[in-house]
Amino acid sequence: MRASQFFIYSDKSTPAEAEIISHQLMLRARLIRKVASGIYSWLPMGWRVVSKISEIVREEMDAAGGAEIFMPAVQPADLWQQSGRWAAYGAELLRFSDRHGREFCMGPTHEEVITDIVRAQISSYRQLPINLYQIQTKFRDEIRPRFGIMRAREFIMKDAYSFDTDAAGMANSYEAMRAAYCRIFDRIGLKYRMVEADSGAIGGNFSHEFMVLADSGEELILYCQESGFAANVEQCPQLPPSSAPSASAARPAAQQTMEKIHTPNVKTIAELAEFLPEALRPEQNMKTMIVCGDNGSAAVLLRGNDSLNLIKAGNQAEIGDNARLASLAETQQLIGAGFGSLGPVNMPLPLIADYALHHAADFACGANEDDYHYTGVNFERDCPLPRFADLRNAAVGDPSPCGKGTLLGARGIEVGHIFQLGDKYSQAMNAVIDAPDGSQHPILMGCYGIGITRIVAAAIEQGHDENGMIFPDAIAPFSLIICPIAAQRSPAVRLAAEEVYQALRAAGVDVLLDDRDLRPGSMFAECDLLGIPHRLTIGERGLQNGEVEYKQRQEKEVTLVAQTAVVEFIQERLQSATRPGSSVDRAGPS
RNA sequence: CGGGGUAUAGCGCAGCCUGGUAGCGCGCCUGCUUCGGGAGCAGGAGGUCGUGAGUUCAAUUCUCGCUACCCCGACCA
9 MRASQFFIYS DKSTPAEAEI ISHQLMLRAR LIRKVASGIY SWLPMGWRVV SKISEIVREE
69 MDAAGGAEIF MPAVQPADLW QQSGRWAAYG AELLRFSDRH GREFCMGPTH EEVITDIVRA
129 QISSYRQLPI NLYQIQTKFR DEIRPRFGIM RAREFIMKDA YSFDTDAAGM ANSYEAMRAA
189 YCRIFDRIGL KYRMVEADSG AIGGNFSHEF MVLADSGEEL ILYCQESGFA ANVEQCPQLP
249 PSSAPSASAA RPAAQQTMEK IHTPNVKTIA ELAEFLPEAL RPEQNMKTMI VCGDNGSAAV
309 LLRGNDSLNL IKAGNQAEIG DNARLASLAE TQQLIGAGFG SLGPVNMPLP LIADYALHHA
369 ADFACGANED DYHYTGVNFE RDCPLPRFAD LRNAAVGDPS PCGKGTLLGA RGIEVGHIFQ
429 LGDKYSQAMN AVIDAPDGSQ HPILMGCYGI GITRIVAAAI EQGHDENGMI FPDAIAPFSL
489 IICPIAAQRS PAVRLAAEEV YQALRAAGVD VLLDDRDLRP GSMFAECDLL GIPHRLTIGE
549 RGLQNGEVEY KQRQEKEVTL VAQTAVVEFI QERLQSATRP GSSVDRAGPS
């Protein structure tokens, strides 16, 4: 490809709307252009990156036994009504009507359509297992799109769906996808981690996320160096007190008497810690939250410096699904006191305490009366002994749930998510098969997503410096760029650049020849901004010795290469750069 | 959905308070000089000032409506 014929532009100034580095660089390098909020055009340079990612995904999906299909972006309400999601899905589902008044939506995902395809074709266990996938545009009407491509409303996703006869088959299909995902992210060349995850709204009970590691990542990953355990903070369990080695002792005996103290305007744990004596630091205070769910309400007790995990709260029988914090009005009606003054003493609701409070004694808490707290409170003596459960978000420094080490933290960007769906959709939409034993039952499904376009942003978040993007070789828009210096006035440079370009093309190298006759500074700055991993500079200075200059994007120093040996040299560099494994951190549960 | 802000040339911004039909930097075009990390000089092109109404002799500027975009919030007591 010649730069003069390619759509290659860049800008020195950073667009005001872009908050994160990947968005800024993508706009500056003209990878994308915004069309509307959360909706972008991919321009040629950006589309090459997307295409390279898609191709790797496609190859590995095919290798893992997937068959590619292409489903419509526009889906009829009818299918969504069959699965029950027309009502269940909220405002993120973009709905509209056609000229006849029939209702449609833009697909945020394709379980309904794929289940409809499969139920029409598959009636016997003999036809299974199968795995169908597509690379398609999705639309989710996010409340607030931001961070450019990272959280866009329209985006490209690879979604695969597996169909099996029984649970063992579904587990096999899931494992095949898990392995394929590792190969995909190995090949793309990003540092990532596979973590245990919550299955969220899609359903099912077994799920992993693939997270690209980047300091700017929105998700917190907790992992254990010793065992390789890794989990999303939303999902990471904590050990029950009985099995946590550091907390196996009995609860200390009460030392203090319970005392009611006036605490005007003390609403937060920080304010309480400020107000109380030195000895009562936040972790010795107890905070109490009222959580409501489908089964009812409960008072949830946590250490002052811990944070509530609503997913875990929803797993408690007293609370149930759709767990949420009570509103101020609800709290005042139920308890007679507002936020910040709640506690377990004389609490009319069931008490559930986090494991971390199992050994709490002489603690401070709200008095269920505005502007009053108790100190010296003890379970059993002053209030009932609560039921203990895993309720808090795990944190860096906790004992790892694997029992072997301590949890460390890392930030990540979710780029892949795999689920076992079971019969959630096949049951609702009547996708059943005849089993070997003559019975009929719903097909067991799995679904497997990769955010193709988000990977571009994640790669830039992970790989950039003050000069621009640093793409891994496998997904860079071009592998190599040739920069001729002052070609217009040097026939020798022009000729050499052309020869090298043709030779590399013939050797199958993905090479861009910058034939725009820019000044060297502009050319180099643009190369760096675009993150093209390898660069050959051809100038009169080197040609006098029959040499051209090679530079790798991240290296400061250049290497002189004989013009006659350049193809061989470049091929060797490209091969060593794409050799997998070296830069990949692939710890995770096995 | 609530709060705040913005809308002026391809991009980044000034002008508006105090009304008189628009300017800067980058980019773009022409010429000359340059040519190894976003060159210099000279000349030039490019704007119904988001949109609709109102006030006024006169509105980019003041007033109101609308639209789009951005930020914050919408769970940690």
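So the first sequence is numbered by the numbering used here: it starts at 9 and just counts up by one.
Heads up, the beta-carbon is just placed ideally off N, CA and C, and yes, glycines get one too.
Measuring alpha carbon to alpha carbon, tell me which residue in the options is nearest residue i.
i	options	result
R3	V274, Q341, E555, A321	No answer is possible for residue 3: the residues shown for the chain start at 9 and end at 598.
A443	Y231, A175, F104	A175
M158	Y182, G476, P248, Q32	Q32
A26	F155, R561, S49	F155
A495	T545, Q470, A168, E63	T545
I269	S349, L503, V241	S349
A184	A95, D362, D70	D70
E580	E548, E507, L488, D523	L488
A372	D390, P249, P541, F532	D390
A81	W50, A500, E119	E119
Would you tell me roughly how many angstroms separate the C-alpha atoms of residue i and residue j, rounded to the nearest one?
i	j	result
Y433	R93	10 Å
G211	D431	Only weak support is given to the placement of G211: the predicted model assigns it a pLDDT of 45, under 50, and the value that follows is read from those uncertain coordinates. Cα-Cα distance, rounded: 10 Å.
D19	V517	28 Å
V569	C190	36 Å
I277	Q428	40 Å
G344	T461	50 Å
C491	P84	52 Å
G457	K166	6 Å
V220	E267	51 Å
E474	A168	38 Å
F214	N180	13 Å
D378	R311	20 Å
Q13	K559	24 Å
A504	I483	28 Å
V556	Y97	59 Å
M453	G225	30 Å
H108	Q448	38 Å
G529	I493	10 Å
P245	Y382	30 Å
P272	P394	28 Å
F15	M53	7 Å
N240	L416	12 Å
F359	A306	Rather than Phe, the amino acid found at residue 359 in this sequence is Leu. The alpha-carbon atoms of L359 and A306 are separated by roughly 6 Å.
R289	A75	59 Å
K1	G46	The structure shown has nothing for residue 1, since the chain only spans 9 to 598.
Grab the span of the beta strand (DSSP E) containing residue i for me, first residue to last.
i	result
M355	Here M355 belongs to no beta strand (DSSP E), and DSSP marks it neither H nor E.
K42	40-44
Q142	138-147
V203	200-204
Q560	555-560
P499	Unbroken run through P499 is the alpha helix (DSSP H), 499-514; no beta strand (DSSP E).
D442	440-442
P407	Unbroken run through P407: none, as it is neither H nor E.
Got a sec? Which residues, its chain only, sit under 6 Å from residue i by beta carbon, not counting five neighbours each side?
i	result
N386	A262, A369
I451	F171, S434, A439, I441
H425	E217, G457
S256	Below a pLDDT of 50, predicted positions are generally treated as unreliable, and S256, at 49, falls in that range; the measurement from the model is reported next regardless. Excluding positions up to five away in sequence, the list is empty.
A37	S18, L537, L538
A334	I298, C300
A515	V575
Is residue i near the ligand SAH, going by C-beta to nearest heavy atom under 7 Å?
i	result
I458	With respect to the ligand SAH, the structure shown offers nothing to examine, as it has no ligands at all.
Could you check where the alpha helix (DSSP H) with residue i kicks off and where it finishes?
i	result
P528	528-538
G86	Position check: residue 86 holds Asp in this sequence, whereas Gly was assumed. Residues 85-91.
K20	It is not in any alpha helix (DSSP H) - K20 carries neither H nor E in the DSSP assignment.
Q340	336-343
C190	175-196
R389	Unbroken run through R389: none, as it is neither H nor E.
L122	First, the residue type needs correcting, since residue 122 is Ile and not Leu in the sequence shown. Unbroken alpha helix (DSSP H) run through I122: 119-129.
V517	No alpha helix (DSSP H) holds V517; DSSP gives it neither H nor E.
P52	52-71
Excluding the five sequence neighbours on either side, which residues of its own chain have a C-beta within less than 7 Å of the C-beta of residue i, listed in chain order?
i	result
F104	F112
R148	E100, P116, R161
P137	S170, F171, D172, G177, S181
Excluding the five sequence neighbours on either side, which residues of its own chain have a C-beta within less than 8 Å of the C-beta of residue i, listed in chain order?
i	result
V65	I143, K166, I192, I458, I460
R259	H366, H367, A368, A369, F387
> Is the stretch 130-146 close to the stretch 32-47, with three or more CB pairs under 8 Å?
Replying inline: no
>> Three Cβ pairs or more, each shorter than 8 Å: is that satisfied between the stretch 566-582 and the stretch 510-528?
In response: yes
> Are the stretch 232-240 and the stretch 398-415 touching, with three or more C-beta to C-beta distances below 8 Å?
Replying inline: yes
> Does the stretch 473-490 come within contact of the stretch 525-545, defined as at least 3 CB pairs closer than 8 Å?
Replying inline: yes
> Does the stretch 124-132 touch the stretch 43-58, meaning 3 or more C-beta pairs lie closer than 8 Å?
Replying inline: no
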